[in-house]
Amino acid sequence: MDGSQVLWGSNSTKVFKADPDGRKIKYIDYMLKEDANLASMVSVDEMLSGAYTLIDRDNIFYVPRLKKLFAFGDAVEDDAYSDIVVKRSFEIPESKLRDPEEKIVGLNMTYDGMIVFVTSHGLVGVVSHSFETAYFYSFEDGEEISNSIACDEDGGIYVVTSKYMHRVQWTGSELTTEETEGGWTASYETGEGTSGVRLGVGSGATPTLMGTGGQDKFVCITDGMDLMNMVLFWRDEIPSDWEQVAGTKDRRIAAQVPVTFGDPDAESSLSEQSVCIRGYGALIVNNQVKRNKDSSVINMLMSGIDSNAPYGAEKFEWDPDTRTMATAWVNETVSIPNGIPSMSSATNLLYGVGQGRFHTWTFEALDWDTGESVFSFPYGATPAFNSAFAATEIGLDGHLYTGTTLGFARMRP
Numbered sequence: 001m002d003g004s005q006v007l008w009g010s011n012s013t014k015v016f017k018a019d020p021d022g023r024k025i026k027y028i029d030y031m032l033k034e035d036a037n038l039a040s041m042v043s044v045d046e047m048l049s050g051a052y053t054l055i056d057r058d059n060i061f062y063v064p065r066l067k068k069l070f071a072f073g074d075a076v077e078d079d080a081y082s083d084i085v086v087k088r089s090f091e092i093p094e095s096k097l098r099d100p101e102e103k104i105v106g107l108n109m110t111y112d113g114m115i116v117f118v119t120s121h122g123l124v125g126v127v128s129h130s131f132e133t134a135y136f137y138s139f140e141d142g143e144e145i146s147n148s149i150a151c152d153e154d155g156g157i158y159v160v161t162s163k164y165m166h167r168v169q170w171t172g173s174e175l176t177t178e179e180t181e182g183g184w185t186a187s188y189e190t191g192e193g194t195s196g197v198r199l200g201v202g203s204g205a206t207p208t209l210m211g212t213g214g215q216d217k218f219v220c221i222t223d224g225m226d227l228m229n230m231v232l233f234w235r236d237e238i239p240s241d242w243e244q245v246a247g248t249k250d251r252r253i254a255a256q257v258p259v260t261f262g263d264p265d266a267e268s269s270l271s272e273q274s275v276c277i278r279g280y281g282a283l284i285v286n287n288q289v290k291r292n293k294d295s296s297v298i299n300m301l302m303s304g305i306d307s308n309a310p311y312g313a314e315k316f317e318w319d320p321d322t323r324t325m326a327t328a329w330v331n332e333t334v335s336i337p338n339g340i341p342s343m344s345s346a347t348n349l350l351y352g353v354g355q356g357r358f359h360t361w362t363f364e365a366l367d368w369d370t371g372e373s374v375f376s377f378p379y380g381a382t383p384a385f386n387s388a389f390a391a392t393e394i395g396l397d398g399h400l401y402t403g404t405t406l407g408f409a410r411m412r413p
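Counting in my numbering, the final residue of the sequence shown is number 413, and the numbers go up one at a time with none missing.
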């Protein structure tokens with residue numbers, strides 16, 4: 001290999017490679033997804049199945065599409081600028097599916113290198129890189145999944161459904177929620193129905209892990225209540241002296257704190273993003289549009305209109321001495337309406353895609369310790385630049401990247 005680095009990306013109809021070297025990003029190749037058509041561009045099912053992708057150390061790009069998982073790679077080995085080819089594909093056996101409309105939603109990788117996925121109807125699957133070996137685990141009938149998953153270094157796979165928060169334990173030979181093997185299931189406040197940009201019932205947050213080494217260790221989500229809560233679950237064994245927090249549904253819950261974005265009279269709050277975590281800090285952004293429509297896609301598109309856009313970001317902090325969580329700061333003026341923020345420990349900044357006056361889309365940076373704005377950089381002024389649920393990523397050479405409605409954008413330092 002010559003050390004060349006490229007960008008892999010995916011939308012509801014295509015997989016692509018691009019060359020980020022230079023002032024302009026150049027497309028190398030793209031491939032239409034299987035059975036993709038014009039209707040795929042506005043299909044919520046096809047947006048959700050394929051929203052979460054990953055790439056491995058061998059430059060293989062894994063992309064779900066409905067009931068299948070595709071492994072894309074270079075047509076010429078070790079030539080990153082060659083065409084895209086499908087290296088292999090995996091289809092979930094019909095016997096494992098509950099519903100004709102069932103689709104792969106979340107995707108991640110275990111620490112021993114297995115590809116793990118979850119479906120919309122509660123199936124967890126672990127497959128080898130070669131797609132030759134597969135293991136499955138099904139939740140109870142009626143548990144729906146609309147988020148991705150988190151994996152820890154001890155084989156824990158964290159899945160939030162419309163009914164429960166689960167740790168599914170990967171033992172190397174099976175998937176289980178048995179506590180004797182390290183798994184567990186906990187109840188949480190799921191609320192009722194969907195609203196705003198939320199894509200499913202219950203939590204709108206992909207689980208995020210907090211704590212490393214000898215620290216307190218948690219998995220973190222926001223719940224489905226009208227006035228949303230930041231919720232921490234003990235990740236491993238619950239401390240023997242731990243007493244259940246008043247007002248919670250399960251003893252495994254370590255903290256359940258209302259998210260108000262600084263409004264003491266708030267009766268509702270909403271976010272569809274995974275919680276951004278660094279150390280014991282946990283941050284969430286406001287996604288509650290002022291004029292809610294029945295369609296999450298329409299709400300996403302309208303979240304870029306200033307008079308309709310949500311405002312606010314709130315950071316919480318876990319105190320290991322008192323074993324409680326409280327608000328650290330609130331920024332009431334920033335608007336990160338539908339994208340997933342990220343944090344850099346090198347700069348101590350939170351990055352996200354915001355919207356400003358006159359329908360302008362911006363890269364935003366907030367100080368992680370104080371919440372103060374560090375910069376707001378406009379990059380586009382039409383709906384084509386809407387972040388459309390995409391994550392802000394810190395990429396090659398410290399550049400910021402985000403997906404957009406019709407492509408992606410980059411900010412150079």
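Ideal placement from N, C-alpha and C gives every residue a C-beta, glycine not left out.
### Query
Where does Thr206 fall in DSSP's three states?
coil
### Three-way DSSP call (helix, strand, coil) for Ile298 in this model
helix
### Query
Going by DSSP, which residues form a beta bridge with Thr119?
Ile104
### Query
For Arg235, does the three-state DSSP call read helix, strand or coil?
coil
### Query
Would the beta-carbon of Ala417 fall within 8 Å of that of Ser82?
Nothing can be reported for residue 417: it is not among the residues displayed for the chain, which extend from 1 to 413.
### Task
Please classify Asp154: is it buried, with 16 or more other beta-carbons within 10 angstroms of its beta-carbon, or exposed?
exposed
### Query
Does the Cβ of Pro320 have 16 or more other Cβ atoms within 10 Å, making it buried, or fewer, making it exposed?
exposed
### Top-ranked residue by Cα proximity to Phe131, from Asp369, Glu91 and His359
Glu91
#### Entry: Rounded C-alpha distance that separates Phe375 from Asp265
30 Å
### Query
When you compare only the Cα positions, how much space is there between Ser12 and Glu272?
19 Å
### Range covered by the beta strand (DSSP E) that runs through Val15
Lys14 to Asp19
#### Entry: Residue burial classification, Ala326 (beta-carbon count within 10 angstroms, cutoff 16)
exposed
### Task
State the start and end residues of the unbroken beta strand (DSSP E) segment that holds Leu48.
That residue, Leu48, is in no beta strand (DSSP E); its alpha helix (DSSP H) goes Val44 to Leu48.
#### Entry: Range of the contiguous beta strand (DSSP E) that encloses His166
Tyr164 to Trp170
### Gln215 classed as buried or exposed, judged by whether at least 16 other C-beta atoms fall within 10 angstroms
exposed
### Query
Phe136 to Phe377, Cα distance in whole Å?
45 Å
### Message
Considering just the uninterrupted stretch of the beta strand (DSSP E) at Trp361, what are its terminal residues?
### Response
Thr360 to Asp367
### Query
Quick one: any contact between the region 243-259 and the region 224-234, if contact means 3 or more CB pairs under 8 Å?
yes
### Task
Within its chain, find whatever has a CB closer than 6 Å to the CB of His129; leave out the 5 residues flanking it on each side and keep chain order.
none
### Segments assigned beta strand (DSSP E), at least 3 residues, entirely inside the region 238-265
253-258
### Task
Could you name each continuous alpha helix (DSSP H) segment of 4 residues or more that falls completely within the region 32-92, going from the start of the chain to the end?
44-48
### Task
Would you mind sorting Arg223 into buried or exposed? The rule is 16 or more other CB atoms within 10 Å of its CB.
The residue asked about is misnamed: residue 223 is Asp in this sequence, not Arg. So Asp223 counts as buried.
### Between the CA atoms of Ala365 and Ser373 - distance to the nearest angstrom
6 Å
### Query
Does the Cβ of Ala39 have 16 or more other Cβ atoms within 10 Å, making it buried, or fewer, making it exposed?
exposed
### Query
Three or more C-beta pairs closer than 8 Å, one from the region 240-250 and one from the region 207-221: is that the case here?
no
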